[in-house]
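Numbering (my numbering), first residue to last: 57 to 166.
Backbone N, C-alpha and C fix where the C-beta goes; we use that ideal spot for every residue, glycine too.
So the structure is just underneath, and the comments pick up after that.
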Amino acid sequence: MIRTLMKSKIHRVKVTQTDINYNGSITIDRGLCAKADLLEHEKVDIYNINSGARFSTYVLYGDKGVIGVNGAAARLVQKDDLLIIVSFAQYSPKECSGHKPLVLTEGEFK
57 MIRTLMKSKI HRVKVTQTDI NYNGSITIDR GLCAKADLLE HEKVDIYNIN SGARFSTYVL
117 YGDKGVIGVN GAAARLVQKD DLLIIVSFAQ YSPKECSGHK PLVLTEGEFK
């Protein structure tokens, strides 16, 4: 049986911009993506700490310091909101045993 587990999480990152007219996605600092093991176009879940809104989208690489929510999802966040960004992966039972997701907290990405 294959199970879906959390692969990585960026915890409490601040939104720097929103663009409702963009095609969709979340734009994330390329360096932060590397630290969090996120690939461009990878599906992620977003949890807005300020509003409680939750949604799924995909990653686009951005410039240093950028966390931008785009398209329709931009209606669910405001600049300076705090987000949790989570990615998941599928693992075999053997891989699940002892699996530890990568978690980045505020001090690790500022």
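- The DSSP-derived three-state label of L138 is strand.
- The residues I82, L94, S112, T113, Y114, V115, I141, V142, S143, in chain order, have a CB closer than 8 Å to that of V100 in the same chain once the five nearest residues on each side in sequence are set aside.
- Under the DSSP assignment, R86 falls in the alpha helix (DSSP H) whose first and last residues are 86 to 91.
- Shown here for L88: same chain residues with a beta carbon closer than 6 Å to its own, the five before and five after excluded, namely F165 in chain order.
- One Cα belongs to R131, the other to S153, and the distance between them is close to 39 Å.
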